[in-house]
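Read left to right, the sequence shown gives residues 869 to 1036 (the working numbering).
Heads up, the beta-carbon is just placed ideally off N, CA and C, and yes, glycines get one too.
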Amino acid sequence: MLDPIADHIKKYPLILFVGFNPSVRSSETGHHFANPNNRFWKILYQSGLTPRKLSPEEDHQLPGYGYGLTNIVARPTKEAAEIRKDEYEQGRKELRDKVMLYKPKIICFVGKGVYQEFSKQRKVNWGLQETSVTDALEFVAPSSSGLVRMKIDEIVAIYSELYDITLK
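Have a look at this one:
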């Protein structure tokens, strides 16, 4: 059985990043976005959200930048397709509780599917959502997984919009 990994969140984060669930590699290392093929840390840096490229081992430093890290489902899997419906239901409730407790300004869903599972909305566009299902601004960004077929420049451009929102 693989172990979940700890959230890294403090009260009132500027951005709370929400992934699907930890990968096997993240469970093994105890760090978010630890798969070598995952581009999360590179994307944060290239979009201006961090001043340098952090490593997965530095994930605990994100709250110092005003960010938080969590997942909609805590159970690690090889791929998101292994997540069961009941796990999403439980994760949705737990994520709502976290949002109420920590009160982020913006929630960035790292992947359309994460937001679809959370919001129960099927038609979702990239970027800031017109209506939120929480009290926070809700932003949908592409998954940082190396399996995503979008070009890195396109992904970074979407995360750069998130950076622009933080400046307002």
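Residue i, enclosing beta strand (DSSP E) - first and last residue
i: V941; result: From DSSP, V941 is part of no beta strand (DSSP E); its letter is neither H nor E.
i: I887; result: A small correction: the amino acid at residue 887 is Gly; Ile does not occupy that position in the sequence shown. Its beta strand (DSSP E) spans residues I883 to G887.
i: F977; result: I974 to V978
Secondary structure of residue i, DSSP reduced to three states
i: S894; result: helix
i: G1014; result: coil
Closest residue to residue i among the options (Cα-Cα distance)
i: E1006; options: F977, I1020, D1032 and H900; result: F977
i: R990; options: D1003, V1008 and A948; result: V1008
i: K1019; options: A902, R907 and K961; result: R907
i: L937; options: P972, K953 and A949; result: P972
i: G981; options: S1012, T999 and Y970; result: S1012
i: K953; options: K966, Y970, K988 and P919; result: K988
Terminal residues of the alpha helix (DSSP H) in which residue i lies
i: Y956; result: K953 to Y970
**Message:** Going residue by residue through the region 905–936, where are the continuous alpha helix (DSSP H) segments of at least 4 residues, counting only ones entirely within it?
**Reply:** 908–914
**Asked** Can you list, in chain order, the stretches of the alpha helix (DSSP H) that have 4 or more residues and sit fully within the region 984–1035?
**Response** 1020–1034
**Message:** Counting beta carbon pairs with one atom in the region 936–951 and one in the region 873–882, are three or more of them shorter than 8 Å?
**Reply:** yes
**Asked** How do the region 892–906 and the region 925–932 stand: do at least 3 beta-carbon pairs fall below 8 Å, yes or no?
**Response** yes
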